[in-house]
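Undergrad:
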Amino acid sequence: MSRKVMISCAITGAGDSVKINPAVPVLPKDIARESIEAAKAGAAIVHIHVRDPATGGPSMDNELYAEVVDRIRQSGSNVIINLTTGPGARIVLGTEDPRAFGPGTTMSRPDTRVSHVQRLKPEVCSLDIGSFNFGAHVFVNTPGHVTEMADMIRAAGVKPELEVFDLGGIRQAKAMIEGGHVEKPYLFQLCLGIPWAAEATPETMIAMRDLLPEGAIWFSFGVSRQQFPMAALAVVLGGHVRVGLEDNLYLSRGVLAPGNAALVERAVEIIESIGSEVATPDEARGILGIWK
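Basically the working numbering = 1-based index in the sequence shown + 264.
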């Protein structure tokens, strides 16, 4: 049976990916342009990080977020803006003394991690649940910090997208829901294939889906070459789709994606080939229970 499937496009991320694919946007004007083009290609939601214009590395600068959001809004695009709150949770252990944090550590207070959300009030923002080994560093989201962030996000009138990376993250998210920190309809993102979290396999996606609260709305993505297989599987299993240069730099094997729009167009093809329809931003607002 045909249904409306939402596409979320993760525009740039925070990884060291610019040197691999120069299409990854760094400057606010380029992040905004890529967001607008992704929306034209069929994305209902754009998930946004910002980068240091001088280094291309991750940034938490509120002014950079403000410029990106202003450019998208002033363009006339009605795409749903989803700002990340992920930065500020990285620990790198010191080489001589692991009790002394090393270069690259970004641990920040909960209010710092959501300050741009409180200021800019996007319709959606991500909220990472749980701690795990993220490649070579540790990604730390303690229950206390996440709950405090959830309360501030709720007070700002923003819908949190609960990003979960393993089964434990779903358990923690359900405890937050039971505690009244997240309102219906619950929105989840099943993040698959990130070293060293849940694998991007059908078994993993099914297991995570089956543990979600009743009536939860969910997206999923796989990183790198698993982006499109996981997109197809999410549609088949009743979920929604995330693609974008944050998660995958290639359009096909050995072929770099020329931009986010090309990845969205591939997602559109997948959704329509399965017999479903791509949701517009306003249709997505209806599904998510949010309105401008």
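Glycine included, every Cβ here is placed at the ideal spot set by N, Cα and C.
Report buried or exposed for R435, applying the criterion of at least 16 other Cβ atoms within 10 angstroms of its Cβ.
TA: The residue labelled residue 435 in the question sits at position 171 within the sequence shown. Exposed, by the Cβ-count rule.
Undergrad: Please classify I336: is it buried, with 16 or more other beta-carbons within 10 angstroms of its beta-carbon, or exposed?
TA: Numbered from 1 along the sequence shown, position 72 holds the residue referred to as residue 336. Per the 10 Å Cβ criterion, buried.
Undergrad: Give the list of continuous alpha helix (DSSP H) stretches no shorter than 4 residues that lie fully inside the region 363-408.
TA: You should have 374-377 and 379-384.
Undergrad: Does DSSP put P424 in a helix, in a strand, or in coil?
TA: As a working mapping, residue 424 is identified with position 160 in the sequence shown. Strand at P424.
Undergrad: What residue range does the beta strand (DSSP E) around A274 cover?
TA: Here residue 274 refers to the residue found at position 10 when the sequence shown is read from its first residue. Run containing A274: I271 to A274, per the beta strand (DSSP E) assignment.
Undergrad: What residue from H380, Y450, D430 and L527 has the CA that sits closest to G325's CA?
TA: The residue given as residue 325 occupies position 61 in the sequence shown. A small fix is needed here, since residue 325 is Asp in this sequence, not Gly. The shortest Cα separation from D325 among H380, Y450, D430 and L527 belongs to H380.
Undergrad: Does the distance from the CB of G277 to the CB of H313 come in under 8 Å?
TA: Within the sequence shown, the letter at position 13 stands for residue 277. Within the sequence shown, the letter at position 49 stands for residue 313. For G277 and H313, yes; Cβs fall inside 8 Å.
Undergrad: Apart from the five residues just before and just after N342, which ones in its own chain have a Cβ nearer than 6 Å to its Cβ?
TA: What you label residue 342 is simply residue 78 of the sequence shown in a count that begins at 1. Excluding residues within five positions, the ones whose Cβ falls inside 6 Å are P545.
Undergrad: Within the region 288-330, note down every full beta strand (DSSP E) run reaching 3 residues or more, in order along the chain.
TA: Qualifying beta strand (DSSP E) stretches, in chain order: 309-312.
Undergrad: Compute the Euclidean distance between the alpha carbons of A303 and I551, then round it to the nearest angstrom.
TA: For this step, residue 303 is matched to residue 39 along the sequence shown. For this step, residue 551 is matched to residue 287 along the sequence shown. Their Cα atoms are separated by approximately 17 Å.
Undergrad: Could you tell me whether the Cβ atoms of L583 and A437 are closer together than 8 Å?
TA: The first residue shown for the chain is 265 and the last is 556, placing residue 583 beyond what the model contains.
Undergrad: Decide if T370 is buried, meaning its Cβ has at least 16 other Cβ atoms within 10 Å, or exposed.
TA: For this step, residue 370 is matched to residue 106 along the sequence shown. With 16 or more Cβ atoms within 10 Å of its Cβ, T370 is classed as buried.
Undergrad: How is G486 classed by DSSP in three states: helix, strand or coil?
TA: Taking the sequence shown and counting its residues from 1, the one referred to as residue 486 is at position 222. It is a strand residue.
Undergrad: Kindly identify the DSSP beta-bridge partner or partners of K283.
TA: Translated into positions along the sequence shown, residue 283 becomes position 19. Answer by DSSP bridge pairing: none, since K283 is not bridged.
Undergrad: Okay, do the region 442-453 and the region 463-471 touch, 3+ Cβ pairs below 8 Å being the bar?
TA: Too few Cβ pairs lie closer than 8 Å, so no.
Undergrad: Candidates I458, M413, A439 and E412: which alpha carbon is nearest F396's?
TA: Here residue 396 refers to the residue found at position 132 of the sequence shown. Ranking I458, M413, A439 and E412 by Cα distance to F396 puts I458 first.
Undergrad: Can you tell me whether DSSP reads R337 as helix, strand or coil?
TA: On the sequence shown, position 73 is the one that residue 337 refers to. Helix.
Undergrad: Which class does F492 belong to by DSSP, given the choice of helix, strand or coil?
TA: Translated into positions along the sequence shown, residue 492 becomes position 228. Reduced to three states, the DSSP call for F492 is helix.
Undergrad: What did DSSP end up calling L552 once you bin it into helix, strand or coil?
TA: Here residue 552 is taken as the residue at index 288 of the sequence shown, counted from 1. Correct three-state label for L552: helix.
Undergrad: Please classify L454: does DSSP put it in a helix, a strand, or coil?
TA: In the sequence shown, the residue the question calls residue 454 occupies position 190. DSSP places L454 in strand when its eight states are reduced to three.
Undergrad: Taking the straight line between their C-alpha atoms, what separation do you get for G486 and R315?
TA: Start at 1 with the first residue of the sequence shown, and residue 486 comes out as number 222. Start at 1 with the first residue of the sequence shown, and residue 315 comes out as number 51. Whole-angstrom Cα-Cα distance: 22 Å.
Undergrad: Do V507 and A498 have their beta-carbon atoms positioned less than 8 Å apart in this structure?
TA: Residue 498 sits at position 234 when you count from the first residue of the sequence shown. Residue 507 sits at position 243 when you count from the first residue of the sequence shown. For A498 and V507, no; Cβs fall outside 8 Å.
Undergrad: Can you find at least 3 beta carbon pairs, one from the region 355-368 and one from the region 528-541, that sit closer than 8 Å?
TA: Because the criterion of three Cβ pairs below 8 Å is not met, the region 355-368 and the region 528-541 do not touch.
Undergrad: Would you give the residue range spanned by the beta strand (DSSP E) that R517 belongs to?
TA: Taking the sequence shown and counting its residues from 1, one reaches residue 517 at position 253. No beta strand (DSSP E) contains R517, which DSSP labels as neither H nor E.
Undergrad: Buried or exposed for E327, going by 16 or more other Cβ atoms inside 10 Å?
TA: On the sequence shown, residue 327 is found 63 positions in, with the first residue counted as 1. The residue in question, E327, is exposed, as its Cβ has fewer than 16 Cβ neighbours within 10 Å.
Undergrad: When we look at the beta-carbon of P374 and count the other beta-carbons within 10 Å, is it buried (16 or more) or exposed?
TA: For this step, residue 374 is matched to residue 110 along the sequence shown. It counts as buried.
Undergrad: Would you identify the three-state DSSP class for V532, choosing helix, strand or coil?
TA: In the sequence shown, residue 532 corresponds to position 268, counting from 1. Three-state result, V532: helix.
Undergrad: Could you tell me how far apart the beta carbons of V269 and E541 are, in whole angstroms, since I believe they sit closer than 8 Å?
TA: Translated into positions along the sequence shown, residue 269 becomes position 5. Translated into positions along the sequence shown, residue 541 becomes position 277. Right, the Cβ-Cβ distance comes to about 7 Å (below 8 Å), so this counts as a contact.
Undergrad: What is the DSSP secondary structure of I538, counted as helix, strand or coil?
TA: Walking along the sequence shown from the start, residue 538 turns up at place 274. Looking at I538 - three-state DSSP - the assignment turns out to be coil, as it is neither helix nor strand.
Undergrad: Which residue wins for smallest C-alpha separation from T348, given the options R267, E536, C273 and A464?
TA: As a working mapping, residue 348 is identified with position 84 in the sequence shown. Nearest of R267, E536, C273 and A464 to T348, Cα basis: C273.
Undergrad: On the premise that P477 lies in contact with I441, defined as a C-beta separation below 8 Å, what is that separation, rounded to the nearest angstrom?
TA: Here residue 441 is taken as the residue at index 177 of the sequence shown, counted from 1. Here residue 477 is taken as the residue at index 213 of the sequence shown, counted from 1. Confirmed, Cβ separation roughly 6 Å.
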